[in-house]
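Remember, the working numbering sits 11 above the position in the sequence shown when you count from 1.
Below you'll find the structure, written out as structure tokens, and then a few comments.
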Amino acid sequence: MTAATDYHLLVPTYRDDFNTCFYCGCIASAHDYAPPRQYLEFYLATREPSEFLQVPCCTECHDHLKACKAGTLDERCKFAKDKLAKKYAKALTIYEMWTEAELASLDFSLRHSIEAGLKLGAETTERLAYPGFAYEAAGLQHNVEAQAPIYFEVFGEQFTSFREALEFASKAYRIPKNTLKEYFADNDNNFELAIQAVHKQVAEKEFNQQLKQQCAAFAKQHKQAVIFVHKQVERYLSENDDMTISEALEHLYQTRIKPLSRPG
Ligand SMILES: [Zn+2]
């Protein structure tokens, strides 16, 4: 899907660093992309910081970085290391807490597990401290200056950087930056659509809560099954856009529940 030309291959300057994971120093057998390929359009559209690099990495860092949306090498490196630290937290604690000398006093099975923890903890500590290596990447200075100026619009307000626009929109519409950024990427890189989508979701959540509460109260009051009330109300609402929940409940009462008046 993505043209290989959008990324520059990160090439180690020194032979010793060939086939090495840039993030943790293990043997490299995969490539990480900064930014991730599925967010390339977002990074191109917003010019959020990214070096557009194809980075040699190990399978473990590669797997961890699948969840990382960051565009820069620094951010991705930090993310990969945080994941490693979390995954091997137990071993790291053992490595911090125990020394080889203390193992002698332990019974076999405990000694065995502490020994394994020490080894893994030492390895992990080394990987976490790995400083990366000197590299070359064609066109590393990704040129944005030569391009036409770019504007971000938030309901009539114009901004020259995504960062400023995000800051403004987040404050003005009381949406956390992270949430808004995700919605922005998922809504055509458009703030207005993103804000509408967030508000729509909040409104839907509130509506569903109201629906649940009011149906439950109605069911209790009229000794009806909640599921029956719920289904009827949903049907009425889907048939009539202007109807409110209370109107639907009233309609249900009048048509299905109200005792028939005696002929007289
Ligand atoms: Zn790695």
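Glycine included, each C-beta is placed from N, C-alpha and C at the ideal position.
None of the values given here were measured: they were computed from a predicted structure.
Taken through DSSP and simplified to helix, strand or coil, Asp74 comes out as helix. About 5 Å separates the CB atoms of Ala81 and Arg87; that is less than 8 Å, so the two are in contact.
For the set Phe202, Thr135, Ile206 and Val237, the Cα lying nearest the Cα of Phe170 is the one of Phe202. Between the C-alpha atoms of Cys72 and Tyr34 there is a straight-line separation of about 7 Å. Following the DSSP letters along the chain, one finds Tyr44 in no alpha helix (DSSP H) but inside the beta strand (DSSP E) bounded by residues Ala41 to Ala45. Counting C-beta pairs closer than 8 Å gives three or more between the stretch 98-114 and the stretch 130-137, which meets the contact rule. With a cut-off of 8 Å on Cβ pairs, the stretch 54-64 is not in contact with the stretch 109-121, counting fewer than three such pairs. The Cβ atoms of His42 and Val22 lie no closer than 8 Å to each other.
DSSP places Glu164 outside any alpha helix (DSSP H); the residue lies instead in the beta strand (DSSP E), whose first and last residues are Phe163 to Val165. Under the DSSP assignment, Glu168 falls outside any alpha helix (DSSP H), being part of the beta strand (DSSP E) whose first and last residues are Glu168 to Phe170. Looking at Leu84, Thr70 and Thr31, the one whose alpha-carbon comes closest to that of Tyr18 is Leu84. Short note on Tyr34: C-beta closer than 7 Å to some heavy atom of ligand 1. By the neighbour-count criterion, in which a residue is buried when 16 or more other Cβ atoms sit within 10 angstroms of its Cβ, Gln265 is exposed. Glu86 has its Cβ no nearer than 7 Å to any heavy atom of ligand 1.
Taking all protein chains shown into account, Gln212 has fewer than 16 neighbouring C-beta atoms within 10 Å of its C-beta and is therefore exposed.
Taking the CA atoms as reference points, Lys231 sits about 23 Å from Ser249.
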